[in-house]
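Asks: Here it is, the structure in full.
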Amino acid sequence: MPVVAALVCFSAVACAPQNVIVVDGDTIVVQGEHIRIEGINAPELKCKCREESVRALRSRSRLMQLLAAGRVEIERNGFDRYRRTLAFVAVEGEAVGDVLMREGLARKWVQQYNGQQEPWCQADVGQALKAWN
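Counting in the working numbering, the sequence shown runs from 77 upward without gaps.
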């Protein structure tokens with residue numbers, strides 16, 4: 077898995093250079109801790125169609141760029157069903173999830189949804205994302 081060198085801050089006073097493993101567009105690993113970016117869902121690398129695979133690689137690549145661009149701030153907020161740490165992740169104060177959603181590389185994560193299909197394999201991905209975001 078790709079690794080990015082970044083200055084990672086788990087609090088305002090606890091910042092240190094770290095190697096960050098970027099699993100995919102919404103999951104990273106810092107010092108062995110699996111962190112799921114709160115509020116988004118990115119395309120899966122193990123996917124159903126070619127378009128999702130391409131978007132998954134783009135999403136992961138873009139997340140790597142974002143993390144390498146400045147001070148990474150991680151604010152923990154519990155755990156998901158897979159026991160990954162849920163966290164707000166920002167670079168220089170900007171939420172990486174917002175950037176990925178704005179660029180069409182992630183969608184808003186919701187606990188329950190109204191039957192929307194994942195947008196990545198649909199003919200009009202942009203329109204499908206509007207239903208989520």
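We treat Cβ as the ideally placed atom computed from N, Cα and C, and that holds for glycine.
As the structure is a prediction and not an experimental result, all values here were calculated from the model.
1) Which one of C91, R112, R157, A90 has the shortest CA to CA distance from I97?
2) Can the beta-carbon of L142 be found less than 7 Å from the beta-carbon of V80?
3) Under 7 Å, do L121 and D102 count as touching if we go by C-beta distance?
4) Using only the alpha-carbon positions, how far apart do C125 and E179 sit?
5) Using a Cβ-Cβ cut-off of 8 Å (strictly less than) and excluding sequence neighbours within five positions of F155, which residues of its own chain qualify?
6) If you compare alpha carbons, which of E194, V167, G146 is closest to N117?
7) Beta-carbon separation of L83 and R152 under 7 Å?
8) Look at the alpha carbon of K184 and the alpha carbon of V89, and state the distance between them as a whole number of angstroms.
9) Using a 10 Å radius around the Cβ and a threshold of 16 neighbouring Cβ atoms, would you call S87 buried or exposed?
10) Given this structure, state the Cα-to-Cα distance separating E109 from C197, to the nearest angstrom.
11) With 16 other CB atoms within 10 Å as the buried threshold, where does Q107 fall?
12) What are the boundary residues of the alpha helix (DSSP H) that includes D174?
13) Classify V186 as buried or exposed, calling it buried when 16 or more other Cβ atoms lie within 10 Å of its own Cβ.
14) Inspect the beta-carbon positions of A182 and V167 and report whether they are closer than 7 Å.
Replies: Well, looking at it:
1) For the options C91, R112, R157, A90, the alpha carbon positioned closest to that of I97 is the one of R112.
2) Contact: no.
3) No, they are not a contact pair.
4) Whole-angstrom Cα-Cα distance: 20 Å.
5) Within the same chain, F155 has close Cβ partners T161, L162.
6) It is E194.
7) Contact flag unset, no.
8) So the two alpha carbons sit approximately 30 Å from each other.
9) Looking at its Cβ environment, which holds fewer than 16 other Cβ atoms inside 10 Å, S87 is exposed.
10) Taking the straight line from one Cα to the other gives about 31 Å.
11) Exposed, by the Cβ-count rule.
12) Annotation: the continuous alpha helix (DSSP H) that includes D174 extends over 172 to 178.
13) Sixteen is the threshold: since fewer than 16 other Cβ atoms of the shown chains lie within 10 Å of the Cβ of V186, the residue is exposed.
14) Against a cut-off of 7 Å, the Cβ pair of V167 and A182 comes out as no contact.
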